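Protein chains: 2
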Amino acid sequence: MDTLIENQRVAVPKKLEKMFGHLDYKNPPELCPVRDVMSVASDQWSILILLWLGYYPVLRFNKLKKYVYGISNKVLSQRLKVLEADGYVSRKVYAEVPIRVEYGLTDFGKSYVKRLLDLTEWMQQNSPKVLANREKYGLI
Amino acid sequence: MDTLIENQRVAVPKKLEKMFGHLDYKNPPELCPVRDVMSVASDQWSILILLWLGYYPVLRFNKLKKYVYGISNKVLSQRLKVLEADGYVSRKVYAEVPIRVEYGLTDFGKSYVKRLLDLTEWMQQNSPKVLANREKYGLI
DNA sequence: CATAATTGGTTACTTTTTGTAACTTACTCT
DNA sequence: AGAGTAAGTTACAAAAAGTAACCAATTATG
C-alpha cells in the first residue's frame, strides 16, 4: 500500500498497513478501527479496571472502586458501560436488597488482559529507568 | 502482602503487588510508579507517536504530525517533550536554516515499542469482534 | 422509634485537559 | 514584494474529568 503524504507516495509497512489504513489525509480517523478500539482498551482507567477484574473473578461496584484507587463513581460507571459494550466485561444484576451487581471479565476480556499483563510487567521492570531518566532530564 | 480494604485483610497477588502497592487506601496514588509510568506510556497519542517512530528511524516534527493523523501541534509538542524526558524519544536539533529537528527512538524506546506492537497486533486481529459486540449491545 | 449506613449508581457544578487557529522568526523561492 | 517553510507557542473555546450531594429501599444501631 502507498499513501499520499505531502504529495509524495510513501510506503507503509505491512504491520501498520491495516492499523493506519486511514493514513491518506483525505480519510477521517474514524475509519481506523484499531484507533477506535484502542481509545477504549488502552485508556488509563480501563486498564486498571481490567487488571483488577483479571485477578478477582467477580467484583462489585464499590469494591472495584476501592481497588482502582482514585477513580470516581462517574468515571467508573462510564468506563464499565463502555467496556461492557465492547465485550470485555460482563455485568450481572441480582434482584436482592440492597441490589447486588457483579462485574467480571468475558473470555474475550481475559484474552486481552493477558496482553495487558505483559505490558504492565514491562512497566514494572522498567519504571525505575523511567523515573531515573525523568530526574536526569529535569536537572539539565 | 496484605492490604487493608474495608477493614478486611485482602491478599494481593504477587504480580500486582509491586504494581499496586499503594492499594492501602491511606497511600496516595502518586506512590505507585507503574501508574505514573503508564500515564505517559499508554496515553493514546503517545502510543501512536511511538509506533510511527518505531517504523521510521527519524522523523521531523511536521512529518510526524502527518503520520499521527489528527494530532495538534500543541499536543504533539507536549507529548514529545514528555516522551523525551521519560527516555523513550531522542531529539536532535540541527542549526540549519530553516531549523531541522529530528525525533527518533532511544534503545529504551525501541524495547517498549516491541511490546506496543504486540498489543496493537492483538487489537488489529480483534477489532472486528469489538465492533460486532458494540453493535449488538446497541441493539439490545 | 429515629438515625445512620449500605447498595449502585446519577446529577449539577467546577476544574483540568484538549482542540482550534492564529502567530512567530529567519530565511528561500518565485 | 509576497508567499512558503521550519518547529513550535499562545490565547481562546470545547470537551472531559473531578467533586460532592443526592436517590430509593432496607437493615442495623442506639
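Listed in order, the protein sequences are those of chains A and B. Basically my numbering = 1-based index in the first sequence + 142. Basically my numbering = 1-based index in the second sequence + 142. Ideal placement from N, C-alpha and C gives every residue a C-beta, glycine not left out. Just so you know, these numbers come straight off a predicted model, no measurement behind them.
Residues sharing a beta bridge with Glu-277(A), DSSP: Bridge partners of Glu-277(A): none, in fact.
Spatially closest choice to Leu-247(A) from Val-239(A), Glu-238(A), Lys-234(A) and Ile-241(A), by CA coordinates: Distance from the Cα of Leu-247(A) is smallest, within the candidate group Val-239(A), Glu-238(A), Lys-234(A) and Ile-241(A), for Lys-234(A).
Rounded to whole angstroms, what's the CA-CA distance from Leu-195(B) to Leu-218(B)? Just pull it up for me. Approximately 13 Å between the Cα atoms of the pair.
Residues within the stretch 222-249 of chain A neighbouring chain B, beta-carbon criterion of under 8 Å: Those residues of the stretch 222-249 of chain A that come within reach of chain B (Cβ to Cβ, closer than 8 Å) are Glu-226, Ala-227, Asp-228 and Gly-229.
In the stretch 257-273 of chain A, which residues sit with their C-beta less than 9 Å from some C-beta in chain B, listed in chain order? Along the stretch 257-273 of chain A, going in chain order, the ones with a CB nearer than 9 Å to a CB of chain B are Arg-257, Leu-258, Leu-259, Asp-260, Leu-261, Thr-262, Glu-263, Trp-264, Met-265, Gln-266, Asn-268, Ser-269, Pro-270, Lys-271, Val-272 and Leu-273.
With 8 Å set as the bound, which would you pick, yes or no: does the beta-carbon of Val-200(B) sit closer than that to a beta-carbon of chain A? Not one chain A Cβ lies under 8 Å of Val-200(B).
Helix or strand or just coil, what does DSSP make of Asn-149(B)? Because the pLDDT of Asn-149(B) is 37, which lies under 50, any placement of that residue in the model is unreliable, and the number read from its coordinates should be weighed accordingly. Asn-149(B) sits in coil when the DSSP states are folded into three classes, being neither helix nor strand.
Through-space distance from Val-200(A) to Ser-188(B), alpha-carbon basis: Those two C-alpha atoms are separated by around 32 Å.
Find the residues of chain B that neighbour Ser-184(A), judging by a C-beta separation of less than 8 Å, and give them in chain order. Residues of chain B passing the Cβ test: Ser-184, Gln-186, Ile-189 and Leu-261.
Residues in its own chain within less than 8 Å of Val-179(A) by CB, not counting five upstream and five downstream? Taking Val-179(A) as the centre and dropping the five residues before and after it, the same chain places the C-beta of Asp-228 closer than 8 Å to its C-beta, in chain order.
Below 8 Å between beta carbons is the criterion; list the residues of the stretch 203-220 of chain B that meet it against any residue of chain A, in chain order. Answer in chain order: Lys-205, Lys-208, Tyr-209, Tyr-211 and Gly-212.
For chain A, find out if any of its Cβ atoms is closer than 8 Å to the Cβ of Leu-193(B); answer yes or no. At least one CB atom of chain A sits nearer than 8 Å to the CB of Leu-193(B).
Counterpart residues of Leu-258(A) in DSSP-defined beta bridges: Bridge partners of Leu-258(A): none, in fact.
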